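Using UniProt numbering, you'd call the opening residue of the sequence shown number 1 and step up by one each time. We treat Cβ as the ideally placed atom computed from N, Cα and C, and that holds for glycine. Predicted, not measured: the structure shown is a model, and the values here were computed from it. Please read the structure below before turning to the comments.
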Amino acid sequence: MNAFALAGAAAEELRARASVDSFDVAIVLGSGWVPAADALGGPAVDVLVTELPGFAPPAAEGHAGRVRVVEVSGRRALVFLGRTHLYEGHGVDAVVHPVRTALAAGVTTVVLTNAAGGLRPEHQQVGDPVLICDHVNLSGANPLTGARFLDLTEAYSGRLRTLAKEADPTLSEGVYAALRGPTYETPAEIRMLRTLGADLIGMSTVLETIEARRGGADILGISLVTNIAAGLSDEPLDHEEVLAAGRASAGRMGSLLARVLAKL
Ligand code: 6GU
1 MNAFALAGAA AEELRARASV DSFDVAIVLG SGWVPAADAL GGPAVDVLVT ELPGFAPPAA
61 EGHAGRVRVV EVSGRRALVF LGRTHLYEGH GVDAVVHPVR TALAAGVTTV VLTNAAGGLR
121 PEHQQVGDPV LICDHVNLSG ANPLTGARFL DLTEAYSGRL RTLAKEADPT LSEGVYAALR
181 GPTYETPAEI RMLRTLGADL IGMSTVLETI EARRGGADIL GISLVTNIAA GLSDEPLDHE
241 EVLAAGRASA GRMGSLLARV LAKL
């Protein structure tokens, strides 16, 4: 089965499990955001990705590897708890499969969240959510390989960013740069990325954004600053710190998402 047929089959299975014809919005929760899922409320139906066609086996990490069907603020949402990263080695199709599945299930708005390193400690603090206004794709991959040109002038919807700022006026905006990982950057790479105009650094999101734009969805991207990048603080980086920042901010992130969905 080709990648799009697999996504269609996964969407069909989700429709059947949830007994609904269509969904309004997809939310992809990055590692820092999975603890926020419960703050979105319920009642919810959880489906293991291992029971859906085309999903890569989840990397062991908390309660990742599930898709939650839940109504939030009157919107039917598909919430992906965790994602597949390019560095896991399953390829680009596996990385964008949740987005393809959501599009096949009728979604027209995609909220992509991630845990990111902050490159501007002057005005970013650990635990801050930041709206992604643009990206730099340094992953070395692209889901449109083999296809043709796509405009990305406003990949992250200005309308949705305005809605998010109405929900939380303290939100700032930043440019998200994605590297392939899985190593964190060296201090020299961080200096390079600051020079390139990046404000946030991570290993996800950009390929999903490209695929969602291909499908015509509007995208809201939100990074949770979980650490200050290498060389900009005295702290060495470790993944546990990234997850802990997410846990500490779960309530705030969950209510931010619920308030944004109410405005869609
Ligand atoms: Cl500092 N770098 C990358 N590539 N990804 C991250 C990160 C840093 N912090 C959270 N995710």
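Item, Value
"What is the rounded straight-line gap between the Cα of G158 and the Cα of L232?", "30 Å"
"In whole angstroms, give me the CA-to-CA distance for G197 and A18.", "43 Å"
"Using 10 angstroms around the beta-carbon of N227, count the other beta-carbons present and answer buried if the total reaches 16, otherwise exposed.", "buried"
"Please classify E154: does DSSP put it in a helix, a strand, or coil?", "coil"
"In angstroms with no decimal places, state the Cα-to-Cα distance between N142 and H90.", "14 Å"
"Is I132 closer than 7 Å to V79 when the C-beta atoms are compared?", "no"
"Identify, in the order they occur along the chain, each residue of the same chain with its Cβ nearer than 8 Å to the Cβ of T162, setting aside the five sequence neighbours on each side.", "none"
"Which whole runs of the alpha helix (DSSP H) in the region 66-131 are 4 residues long or more, in chain order?", "92-104"
"Checking the sheet assignment: what are the DSSP bridge partners for N227?", "G117"
"T226: beta carbon under 6 Å from a heavy atom of the ligand 6GU?", "yes"
"State the beta-bridge partners of S172 as determined by DSSP.", "V130"
"The beta strand (DSSP E) spanning L48 covers which residue range?", "44-48"
"For the candidate residues H123, E211, G215, whose alpha-carbon lies nearest to that of V95?", "E211"
"Just to confirm my understanding: we take A104, look at its own chain, exclude 5 residues before and 5 after, and list those with CB closer than 6 Å. What are they?", "A7, G8, A11"
"Using a 10 Å radius around the Cβ and a threshold of 16 neighbouring Cβ atoms, would you call E208 buried or exposed?", "buried"
"Are the region 247-254 and the region 188-206 in contact at 8 Å, needing three or more beta carbon pairs?", "no"
"Roughly how many whole angstroms lie between the Cα atoms of I190 and P121?", "12 Å"
"Taking 6 Å as the cut-off, is the C-beta of M203 nearer than that to any heavy atom in the ligand 6GU?", "yes"
"Which whole-angstrom value is the C-beta distance of S73 and A217, which I expect to be below 8 Å?", "That pair is no contact at about 19 Å."
"Please list the terminal residues of the continuous alpha helix (DSSP H) segment that includes L207.", "206-214"
"Please confirm whether D199 and L256 have their CB atoms less than 7 Å apart.", "no"
"Specify the secondary structure class of L138 as computed by DSSP and reduced to three states.", "strand"
"Is it the case that the Cβ atoms of T101 and I222 are separated by a distance below 7 Å?", "no"
"Measure the C-alpha to C-alpha separation of V260 and R194 and round it to an integer number of angstroms.", "29 Å"
"Look at S172 and V110 and say whether their C-beta atoms are less than 7 Å apart.", "no"
"Can you tell me the Cα-Cα spacing of H239 and A37, whole angstroms?", "20 Å"
"Just the C-alpha distance for L144 and L243, rounded to the nearest angstrom, thanks.", "31 Å"
"Compute the distance between the beta-carbons of R66 and D46, then report whether it is under 7 Å.", "yes"
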